[in-house]
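Below is one structure, written out as structure tokens; the observations come after it.
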Amino acid sequence: MTSTVLNFQAETHLPTEFGTFRFRIYKNHLAQEVVAMISPLLDQDSAVPVRLHSACFTAEVMGSLKCDCKQQLDFALAHIAQHTGIVIYLPQEGRGIGLSNKIKAYALQESGSNTIEANSLLGLPVDDRSYEDAIAILQELGVQKIKLITNNPDKLTALRTAGFSVESRIPVPTVSNAHSVGYLETKREQMGHLLTDADLYHADQTQHPSNERPYVHLNFAMDARGRMHQADGQACDLSCESDWKRVHELRERYAAVVVGARTWTLDQPQLTARASRLGRRPQRQPDRVIFAGRTPCRVVPDARRSFVVGVAESPRTNCIRIKASNRELESPLNALYQQGVTSMLVEGGLTLLQSFIRQNMVDQMTIYVRTQSADAAQAMLSDQFPGLPTETMQASPLGQGVLLSYLPEHRYQTEAQTARSVASAAGAV
Ligand SMILES: NC(=O)c1ccc[n+]([C@@H]2O[C@H](COP(=O)([O-])OP(=O)(O)OC[C@H]3O[C@@H](n4cnc5c(N)ncnc54)[C@H](OP(=O)(O)O)[C@@H]3O)[C@@H](O)[C@H]2O)c1
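Under our numbering, think of the first position of the sequence shown as 1, with each following residue one higher.
And the structure:
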């Protein structure tokens, strides 16, 4: 067992949105403050749910989407509020390298390095964390048997090596987004983190405020003149390799990919995630949904589920038909949701996109504009879709253009709620 010096400072009861906890604070040998959040009831005779959580200022305070730290902290607090346990909050920002170094590493990642390569380029360790303080706190609290809330095998090893009986692991479900999926892949592939395909590649159907329809992500592209297609209906020079990779990663994560009848007929799109774009085998394929209205759509059968929403009879009957007599979206979206389509990527064309925007059925939007200027991209988007909050959209350079992203506020407001319901559903393993 460890002999780390840790000085107890104070304890109070802290009411939080997850529940009321004992908030116990210590100082370590570097005079850093270490916190233990402890559920009011704790049964030391049974295995105690424990999370060793390293601070993440960028996600937990600033709402960064580049990692899953806040999701993990929220899950752990919600879990111990429901099932008893301890969350130990350790001052080890950026896997122990500190905030400045973490931001330097993020800057390198903008030029293509992954999290491991970026730390190495800076001459820093990939993981510089220590669990000695946490071990000392658990000993002081009289904990011997543990159910560890983690996806990180190093933490299991650290506690077992310190002499605790780690009886089981409580996996932390996380939800990737376009900004975090690469980081989560590196954690799984190169750091051995125990993440499932569902964590990495499935969109979160719990992010939207209602459970009556799928989570809706609109994604489309515009050329340097703000056009989405040419006058003759042909696609113009819209995208580039980097953007195609991003789009195919999205297709892999969503339950379904959606297009309007004219796009289906004119472009004959496959609506698949393809190895040639991803640079690896796709993990899964989305269902396809065609909003057909009055237009008959021919759907060639394949292994995937296909839905046609509209009034016209389809010449092929193998697809699932959802009746919709006008352009109202609420009832067909509800019907799709009942069929298990919990999330969807709507790719166009213009008429269908406008329909989703006007009926306020959008949870997330990404628009690739093939221009180097973020201002020009925002201006062209405003012209095409008057009323969109283009000035609040995040603009990031991507390949030969700019990616504009929009996440409405409700997504952040429901995060704690989501963590609570996920924790309650997961229970102890
Ligand atoms: N730039 C991009 O990212 C991108 C992406 C995809 C497609 N495109 C281009 O877009 C062009 C097609 O766009 P488009 O605007 O002509 O057609 P569209 O949006 O692909 O399809 C419109 C059709 O969908 C049917 N529909 C059914 N339910 C609807 C609803 N709730 N709201 C709206 N429409 C509904 C309508 O049928 P009813 O008239 O019977 O109601 C309408 O005819 C193609 O040239 C394609 O290449 C560009």
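Each residue gets a CB set at the ideal place from its N, CA and C atoms; glycine is no exception.
Small disclaimer: the values here were computed from a predicted structure and weren't measured.
According to DSSP, residues forming a beta bridge with residue i
i	result
L404	I367, A395
I80	None, per the DSSP bridge assignment.
K147	P49, S168
I469	Only positions 1 to 429 of the chain appear in this structure, which leaves residue 469 out of reach.
K27	N7, E33
S176	The partner list for S176 (beta bridge, DSSP) is empty, contrary to what the question assumes.
L42	In DSSP, L42 forms no bridge with anything.
G260	F291
G348	V259
Y215	S343
R430	In this structure the chain extends from 1 to 429, so residue 430 is not present and cannot be described.
T20	P15
A221	Y368
L90	S54
Pairwise C-alpha distance: residue j and residue i
i	j	result
V34	Q338	46 Å
S46	I137	18 Å
R225	M380	7 Å
V257	S373	29 Å
N28	L6	5 Å
D383	N360	19 Å
R251	A273	6 Å
R160	N119	28 Å
R288	R280	22 Å
K147	R294	57 Å
D199	I149	16 Å
T390	T115	30 Å
R253	I25	41 Å
C67	A107	15 Å
D43	G340	40 Å
N101	R305	47 Å
V346	S180	21 Å
T58	A36	21 Å
G387	E330	21 Å
S405	T20	36 Å
I103	L124	13 Å
Q144	R95	26 Å
F18	F307	40 Å
M344	Y368	18 Å
E93	T366	30 Å
K155	Y89	14 Å
G182	S113	10 Å
Q205	L30	Confidence at Q205 is low in this model, with a pLDDT of 46, below 50, so the placement of that residue is unreliable and no value is reported for it.
V309	A376	36 Å
V247	T263	17 Å
A292	E110	40 Å
F164	L41	20 Å
I80	F356	39 Å
V439	Q283	The structure shown does not extend to residue 439, since the chain spans only 1 to 429, so no value can be given for it.
V362	I38	39 Å
S130	R277	40 Å
Classification of residue i by the beta-carbon crowding that lies within 10 angstroms, buried from 16 upward
i	result
D133	buried
V48	buried
I322	buried
H398	Correcting the residue identity first, residue 398 is Leu in this sequence and not His. The residue in question, L398, is buried, as its Cβ has 16 or more Cβ neighbours within 10 Å.
D74	buried
P332	buried
Q71	buried
M393	buried
D302	exposed
P15	exposed
N326	exposed
F8	exposed
I290	buried
Q364	buried
A261	buried
T12	exposed
M62	exposed
P153	exposed
E249	buried
L336	buried
N318	exposed
G85	buried
L271	buried
Short CB-CB distance (under 8 Å) between residue i and chain D
i	result
A292	The structure shown contains no chain D; it is built from a single protein chain.
Chain-ordered list of residues that sit, by beta carbon, closer than 6 Å to a heavy atom of ligand 1
F220, A221, M228, H229, G233, A235, L238, V259, G260, A261, R262, T263, L266, D267, F291, A292, G293, R294, T295, G310, R327, L329, E347, G348, G349, L350, T351, L352, S355
Exercise for review: Tell me the start and end of each unbroken alpha helix (DSSP H) in the stretch 95 to 122 that is at least 4 residues and wholly inside, in chain order.
Suggested key: 99 to 109, 115 to 121
Q: With a floor of 3 residues, list each beta strand (DSSP E) that falls wholly inside the stretch 271 to 312, ordered by position along the chain.
A: 287 to 293, 306 to 310
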